[in-house]
Every structure is written in C-alpha cells, then in structure tokens.
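Undergrad: For the sequence shown, the positions run 4 to 402 when our numbering is used.
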Amino acid sequence: MTGADYLLPFRTKLRSMRTESFGADPAGARMERIRRSPHFVDGVFQNPVGARTRPSGSTVEFAKIYFHKEQRARRTPTGTVPVHATTLADLAAPPATGLRLTWMGHSSVLAEIDGRRILFDPVWGERCSPFPFAGPKRLHPTPLSLAALGPVDVVVISHDHYDHLDLPTIRALAGTDTVFAVPLGVGAHLERWGVPPSRMHELDWNETATVAGISLTATPARHFCGRGLRNQQHTLWASWVVTGPDHRIYHSGDTGYFPGFLDIGAEHGPFDATMIQIGAYSEYWPDIHMTPAEGMRAHLDLQGGRPHGVLLPIHWGTFNLAPHPWAEPGEWTKDAGEEAGQAVAFPRPGEPFEPAGKLPAEAWWRAVSQPIAHPWRRPRGAESVAETSRGDMDLAGER
C-alpha cells in the first residue's frame with residue numbers, strides 16, 4: 004500500500020463534505036465570459052490595487068490572540084443585543100422622503116428607494132458557514148423573518164463569502180419573483196440553488212443593469228472570493244451604486260481602502276447615503292477589510308472629499324469574525340464621524356430610518372459591551388479626517 008492509498012478515504016470524505024452550500028464553480032459560457040473580463044488576468048480575478056488576501060504575520064501569534072480566553076470574551080456582547088423587532092407597521096407606509104434604510108445586521112440592508120425595495124447581502128442563516136454545526140454563529144436574532152419582509156424588487160450580492168451569500172436565504176428568495184444583481188461568476192452559485200438565469204443580472208465592474216426604473220452598477224472593491232479550500236478566484240467581488248430618479252446610495256460590500264473610492268464618487272456620487280464596511284478588520288489582513296477610520300475616509304472620498312449625506316456602518320455586531328472587541332467598530336466610527344463632522348446613523352439591528360430625517364444616534368452597544376479602549380483617538384488639535392481625506396494619513400491612528 005502506498006502513502007497515497009492512505010489519503011484516499013480522507014479525500015473521499017472531503018469530497019462528500021462539499022455539500023450544496025459550497026455552491027458551484029463557473030463553467031461553459033459563464034466561464035468564457037469571465038475569461039473575457041479585463042479584470043481576469045493570469046487565470047484569476049485581480050484587485051484594482053494589489054492586496055494580500057491571506058493573513059500576514061505569524062499564524063502562531065494570531066492563534067494566541069484569537070483563542071485567548073480574555074480576548075474571546077471581549078469579542079462577544081455581555082448581554083442581549085437590543086434588536087428592534089421590525090414590524091409590518093414599520094415598513095407598510097412608504098418613506099416620507101423617498102429613501103429609507105433598515106440595517107438587518109452585518110451587511111444586510113433593506114433599502115427603500117424611490118418606490119422600489121432593494122435587499123443587500125441578505126443573510127438570515129444562523130451561521131456564516133457551509134456547515135450547520137460549525138462556524139461563526141449569530142450574536143443576535145434576525146429582526147424579522149424573510150416572509151414578513153414582503154416583496155423585494157432586487158436582491159444585490161457583493162461577493163460569495165458565507166457572511167454575504169447564504170444558501171438558506173437565497174433558497175427562500177429563489178421562490179419569490181425577485182430579481183438578483185450579482186458580480187460576474189456568482190450566478191453559478193445561484194443557479195445551483197434554484198435561481199433561474201432569467202432573473203439574474205450578472206455584472207462585471209462598471210456594468211449597469213436597470214430594474215423597475217432603478218440603475219444598479221457594480222463598482223470595484225478590494226477583496227477576494229471563495230467558498231472552499233480550493234479557491235480558484237473565478238467569481239468577482241464588487242461594491243454597488245444604486246440610483247433612482249431622486250436618490251442614490253452606495254454599498255461597499257467587503258473591501259480594503261483604495262484610491263478607487265475617489266473615482267467611484269466622481270463618476271456616480273455624491274450619495275444620499277453610503278453603507279460602509281467598518282468591522283472585521285485586523286492588522287493580519289489590512290488590505291481586504293477597512294478600519295472605521297478607513298471607512299470614514301472612503302465615505303468622504305465617495306462624497307468628493309467633504310462631509311455629505313449619511314454613513315451607515317455595516318459588517319459589524321452580528322458575527323464574531325476578527326480579533327477586535329465586539330463593540331469597537333461602533334465606538335471608533337462614532338469618534339471618526341465626530342472628528343470629520345460627518346453624519347453617521349447608528350440604528351439597532353432592524354431599526355428603520357430615513358437619511359433625510361432624524362438619525363438614530365444612541366451608542367446602544369455600550370449597554371452590552373465591556374469597556375472599550377480608544378487607542379485611535381488623536382491628540383487635541385490634530386487635523387481632522389475630512390482635512391486629510393485626500394492626503395497621507397495614519398489610518399489606524401495608534402493601533
């Protein structure tokens with residue numbers, strides 16, 4: 004018996020564990036279209052700016068930090084997260100100003116814009132994982148069921164990671180009449196899960212689809228893709244610009260900071276509201292997720308370098324995905340907004356608000372978190388984020 008023979012049962016088990024939740028690899032005409040993309044080079048999708056997608060530094064040191072008992076305690080709330088139980092009454096009347104946002108937790112946002120309903124990165128599952136028994140588990144329940152959400156005109160997906168593309172959620176939405184807008188290649192997953200191609204708009208960067216009078220444009224982001232150990236980088240990741248007759252909004256998906264925010268803002272902005280990733284950052288992967296300071300800088304870039312519109316922080320509070328304290332993204336973003344003179348909304352999960360109306364501003368996380376240090380705070384008199392949004396800046400402060 005050879006050494007390879009010993010591996011056969013293990014390999015067979017690995018194949019058997021590749022359940023439907025892993026999705027499907029692009030093939031056929033879809034793969035041919037991917038190969039024609041100007042962003043697909045040397046057999047993989049490329050970032051707009053070079054980015055290391057695997058953790059840097061010592062794996063041992065990272066493990067010590069991540070699994071340290073005291074550190075783990077800081078990464079979870081100390082009590083029940085105050086979720087706003089979204090009701091039919093909350094969403095029944097159209098928004099008075101024509102634009103209403105409801106953060107459902109993590110990166111999931113219902114945007115009601117100019118008479119249409121757009122659902123970004125819906126994740127209603129209990130774990131962001133291919134397995135129901137392992138992986139990051141919800142730290143708070145969903146504010147309402149998908150059935151109670153009501154009809155949705157478009158579901159927008161930023162990329163295919165488990166905390167943004169969730170099999171049970173997509174399966175449920177596949178049984179409705181909603182249309183899906185996804186980055187190039189992601190349609191392979193959706194087809195396997197029951198979404199017909201006729202209800203999909205699969206876009207490369209800077210391509211636009213129009214649904215019910217709303218324009219949806221896939222714009223660049225600095226991230227990566229993949230739902231398994233064999234990550235071929237054959238599905239694209241994107242941020243999204245959504246434009247209606249009277250309003251325009253932006254959803255960052257997952258991204259590291261890069262100069263392209265200035266270009267996106269110049270072409271599509273300014274925005275009435277941006278939904279910006281400000282959580283799950285780490286010095287071990289600085290290129291693919293933003294700190295709150297970088298998220299604020301991205302928002303200002305998108306708005307032409309000045310405070311404008313409303314920033315809704317996303318990608319925090321729902322899952323434990325990084326070494327930082329659970330409430331730190333909210334606390335740091337609050338400081339960054341005050342420093343920049345930028346309006347920031349801090350809704351509880353499920354709490355609807357209109358960017359042109361009264362914004363939810365309470366630091367609700369403080370009641371259920373351990374004390375948060377503020378190492379990012381600048382000495383008095385230091386120049387503001389707004390003043391330095393186009394120049395060089397120590398994005399992480401003293402972290």
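Note that the Cβ used here is the ideal one computed from N, Cα and C, for glycine as well. The structure presented is a predicted model; accordingly, all values stated were derived computationally and were not measured.
Only counting the same chain, and skipping five residues up and downstream in sequence, which positions put a Cβ closer than 8 angstroms to that of GLN49?
TA: Excluding sequence neighbours, GLN49 sits near HIS42, PHE43.
Undergrad: ASP163 to ASP290, Cα distance in whole Å?
TA: Rounded to the nearest angstrom, the two C-alpha atoms are 18 angstroms apart.
Undergrad: Distance check for SER40 and MET34, CA to CA, integer angstroms please.
TA: MET34 and SER40: Cα-Cα distance of roughly 10 angstroms.
Undergrad: Please report the distance separating the alpha-carbon of ARG1 from that of ARG300.
TA: What the structure shows of the chain is the stretch from 4 to 402, and residue 1 is not part of that stretch, so it cannot be assessed.
Undergrad: Nearest-angstrom Cα distance between ARG174 and GLY263?
TA: So the alpha carbons of these two residues sit roughly 34 angstroms apart.
Undergrad: Do you know how far the Cα of LEU187 is from the Cα of PRO223?
TA: Distance between the alpha carbons of PRO223 and LEU187 is about 12 angstroms.
Undergrad: Just the C-alpha distance for GLU341 and VAL112, rounded to the nearest angstrom, thanks.
TA: Cα-Cα distance, rounded: 24 angstroms.
Undergrad: Apart from the five residues on each side of it in sequence, which residues of its chain come closer than 7 angstroms, Cβ to Cβ, to ARG55?
TA: The residues are ASP290.
Undergrad: What are the boundary residues of the alpha helix (DSSP H) that TRP335 is part of?
TA: Run containing TRP335: 331-343, per the alpha helix (DSSP H) assignment.
Undergrad: Might you give, ordered along the chain, the residues of its own chain that have their beta carbon closer than 8 angstroms to the beta carbon of ARG393, omitting 5 neighbours on each side?
TA: A caution first: ARG393 carries a pLDDT of 37, below 50, which makes its placement in the model unreliable, though a value can still be read off. Cβ neighbours of ARG393 beyond the five flanking positions: LEU265, ASP304, GLY308.
Undergrad: Would you kindly check if the distance between the Cβ of PHE25 and the Cβ of ARG141 is under 8 angstroms?
TA: Not in contact: ARG141 and PHE25 (Cβ atoms no closer than 8 angstroms).
Undergrad: Would you kindly check if the distance between the Cβ of VAL182 and the Cβ of HIS167 is under 8 angstroms?
TA: No; because the gap between Cβ atoms is not below 8 angstroms, this pair is not in contact.
Undergrad: If we require 4 or more residues per run, which alpha helix (DSSP H) segments fall completely within the stretch 133-174?
TA: Qualifying alpha helix (DSSP H) stretches, in chain order: 149-152.
Undergrad: Name the residue from THR81, PRO144, ARG78 whose alpha carbon lies nearest to the alpha carbon of GLY108.
TA: Out of THR81, PRO144, ARG78, PRO144 has the C-alpha closest to the C-alpha of GLY108.
Undergrad: When DSSP labels each residue in this structure, what does VAL198 get in the three-state scheme?
TA: Reduced to three states, the DSSP call for VAL198 is coil.
Undergrad: Going by DSSP, what residue range makes up the beta strand (DSSP E) through SER122?
TA: Per the sequence shown, the amino acid found at residue 122 is Leu instead of Ser. Counting along the chain, the beta strand (DSSP E) containing LEU122 begins and ends at 119-123.
Undergrad: Pick out whichever of ARG195, SER201, PRO125, TRP243 has its Cα sitting closest to the Cα of ASN209.
TA: When each option's Cα is compared against that of ASN209, the closest is TRP243.
Undergrad: Report buried or exposed for LEU91, applying the criterion of at least 16 other Cβ atoms within 10 angstroms of its Cβ.
TA: Its Cβ having fewer than 16 others within 10 Å, LEU91 is exposed.
Undergrad: GLU23 to SER110, Cα distance in whole Å?
TA: If I take the Cα positions, the gap works out to 23 angstroms.
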